[in-house]
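Be aware that the sequence shown starts at 7, since it is given in my numbering, and climbs by one per residue.
For each residue, glycine too, the CB sits at the ideal point set by N, CA and C.
A short worksheet on the structure shown next.
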Amino acid sequence: MRIAVLSETDPGEPRVAAVPETVKKFVALGADVVVQSDAGKLAGVLDGEYEAAGATIAGSAEDAARDADLVLKVRRPAAEELSAIRKGAVVVAIMDPYGHEAELKAMAEAGVSAFSMELMPRITRAQVMDVLSSQANLAGYRAVVDGAAEYGRSLPMMMTAAGTVPAARVFIMGVGVAGLQAIATARRLGAVVTATDVRPATKEQVESLGAKFVAVEDEEFKSAETKGGYAKEMSAEYQKKQAELVASHIAKQDIVITTALIPGRPAPKLVSAEMVSSMKPGSVLVDLAVERGGNVAGAKAGEIVTDERGVKIVGHTNVPGRLAATASSLYARNLYAFVETLVDKESKALAIKWDDELVKATILTRDGEVVHDSFRAKGDGPGSEASSVGLSKSEANQSSTQSSATA
Ligand code: NAD
7 MRIAVLSETD PGEPRVAAVP ETVKKFVALG ADVVVQSDAG KLAGVLDGEY EAAGATIAGS
67 AEDAARDADL VLKVRRPAAE ELSAIRKGAV VVAIMDPYGH EAELKAMAEA GVSAFSMELM
127 PRITRAQVMD VLSSQANLAG YRAVVDGAAE YGRSLPMMMT AAGTVPAARV FIMGVGVAGL
187 QAIATARRLG AVVTATDVRP ATKEQVESLG AKFVAVEDEE FKSAETKGGY AKEMSAEYQK
247 KQAELVASHI AKQDIVITTA LIPGRPAPKL VSAEMVSSMK PGSVLVDLAV ERGGNVAGAK
307 AGEIVTDERG VKIVGHTNVP GRLAATASSL YARNLYAFVE TLVDKESKAL AIKWDDELVK
367 ATILTRDGEV VHDSFRAKGD GPGSEASSVG LSKSEANQSS TQSSATA
């Protein structure tokens, strides 16, 4: 079994799909691992460390991918990489499949079996493979660090000989995986933290982290969580009540971190231009949903927008990539945990169980066809409009689009 780890071709992607720790484990599984030269450089891993872990280094993607049974990447392979990968090879990455049907077709035509890590079902067995969680957690942490760096004051209260500095007030909007880590991080930095969400389960989670929960807790709130654990899109009436509550709260905040997403929908608009202008000069908003349309009016993907009063809206893209070393380690472990299930320990070869629920949920292309029900062209087979994987189409969409926030 030959495994190739390729460099990322997207200039905005510093992460890498394997680290020395996972290379060692693949070698122990019986694999020959080939890493493209400099694949880990932007994530702080040099070729020599991969070699010390048992890999060989190849000078180009062609050399690395030649004869590989399995290709590991962070992002979907580009057309020029596909030509280097042999027919029948397995490719595992964050494929970002929604809205990229042409690219999926290209992978099918290249004859590869493509697996999309972000479609992994959120079940106990697959928690260790959950790239959305591993990357969103880091994004939540980094959002607070980025917010603190842009803020011209300190976060903790400080009592000094020259006088007392008050603690910063940090408000987290959306308390999923990223939001919970943002709360914990802001608390560790000494801020006074409040948080909001539309899912009732989050109230206890927020309070257990030592933050105060702020939300419109009406009848609609009580049923705002789907069976899958995601948020529903709220009614216009709820959104109005929420906006009124948020408007008075936000005017007193120093840093606002927004992470709110709804499966299959654009990110909810939570912070209006009026709310932004109600904040004190020098306040900072960090919009983690910016790649899905944004939670904050005026947020721009890839930019820090500063208004005339000095309020900043931070719209970094690929936020996990801003912690490329840690994000790569966790992603690489997620990948190893999944790949291990595809390998026969006796024969030390790939032996994919095509009826395994994790395989069925994540496989996009096989034998020249797009095989995932959510992405097959209309009329190509039964269930072409619905997912066969226990994840509703909208939730799968959530996974996919969210990955672009985390990818
Ligand atoms: P997400 O990225 O889909 O959304 C982020 C947060 O935004 C959510 O908490 C959501 O409720 C919130 N939100 C949506 N609309 C909002 C609005 N109008 N106002 C305020 N907040 C709003 O969420 P996620 O991080 O993927 O987590 C979703 C769920 O999945 C959670 O229940 C989480 O505990 C669960 N989860 C389960 C597993 C597992 O079982 N393996 C792993 C990870 C997450």
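Check	Outcome
Quick check on the burial criterion: 16 or more other C-beta atoms within 10 angstroms. Buried or exposed for arginine 148?	buried
Tell whether a beta-carbon distance below 8 Å holds between isoleucine 268 and alanine 237.	yes
What residues match up with lysine 218 in a beta bridge as DSSP calls it?	Thr200
With distances taken from CA atoms, which of Phe32, Thr323, Lys30, Ala70 is nearest alanine 45?	Ala70
Would leucine 291 and threonine 312 be called neighbours here (beta carbons separated by less than 8 Å)?	no
Using a threshold of 7 Å, is the CB atom of glycine 270 nearer than that to any non-hydrogen atom of the ligand NAD?	no
Can you check whether the CB of glutamine 133 is closer than 8 Å to the CB of alanine 333?	no
Roughly how many angstroms separate the alpha carbons of valine 176 and isoleucine 256, rounded to a whole number?	9 Å
Might you give, ordered along the chain, the residues of its own chain that have their beta carbon closer than 6 Å to the beta carbon of valine 395, omitting 5 neighbours on each side?	Model confidence at valine 395 stands at a pLDDT of 39, short of 50, so the residue's coordinates are unreliable and nothing is read from them.
Which of the three DSSP states, helix, strand or coil, is assigned to serine 119?	strand
How long is the line joining the alpha carbons of lysine 79 and proline 172, rounded to whole angstroms?	46 Å
Suppose contacts are defined by Cβ-Cβ distances below 8 Å. Is alanine 184 in contact with threonine 202 by that definition?	no
Would the stretch 349-369 and the stretch 45-55 be scored as touching if the rule is three or more Cβ pairs under 8 Å?	no
The alpha helix (DSSP H) with alanine 367 in it runs from where to where?	363-368
From which residue to which residue does the alpha helix (DSSP H) around lysine 247 run?	242-256
Give the straight-line distance between the Cα atoms of valine 39 and leucine 356, rounded to the nearest whole angstrom.	14 Å
Is asparagine 139 near the ligand NAD, in the sense that its beta carbon is under 7 Å from a heavy atom of that ligand?	One detail in the question is off: residue 139 reads as serine in this sequence, not asparagine. Correct: serine 139 has its Cβ closer than 7 Å to the ligand NAD.
Whole-angstrom Cβ separation of alanine 112 and alanine 85, contact assumed at under 8 Å?	6 Å
Just the Cα atoms here: how many angstroms apart are valine 77 and valine 349?	14 Å
How many Å lie between phenylalanine 227 and methionine 240 at the Cα?	9 Å
Measuring alpha carbon to alpha carbon, tell me which of Asp260, Tyr244, Arg92 ends up nearest leucine 159.	The question names leucine, yet the displayed sequence has arginine at residue 159. Here the closest residue by C-alpha is Asp260.
Reducing DSSP to helix, strand and coil, say where glutamine 42 ends up.	strand
Within the continuous beta strand (DSSP E) that includes arginine 81, where are the two ends?	76-81
Should lysine 31 and tyrosine 342 be called a contact, given that it needs their Cβ atoms to be closer than 8 Å?	yes
Rounding to the nearest angstrom, what Cα-Cα distance links glycine 321 and glycine 18 in this structure?	14 Å
Can you give me the Cβ contacts of lysine 306 inside the same chain, cut-off strictly under 7 Å, excluding the 5 residues immediately before and after it?	Gly321
Report yes if the CB atom of valine 22 is closer than 8 Å to the CB atom of alanine 58, and no otherwise.	no
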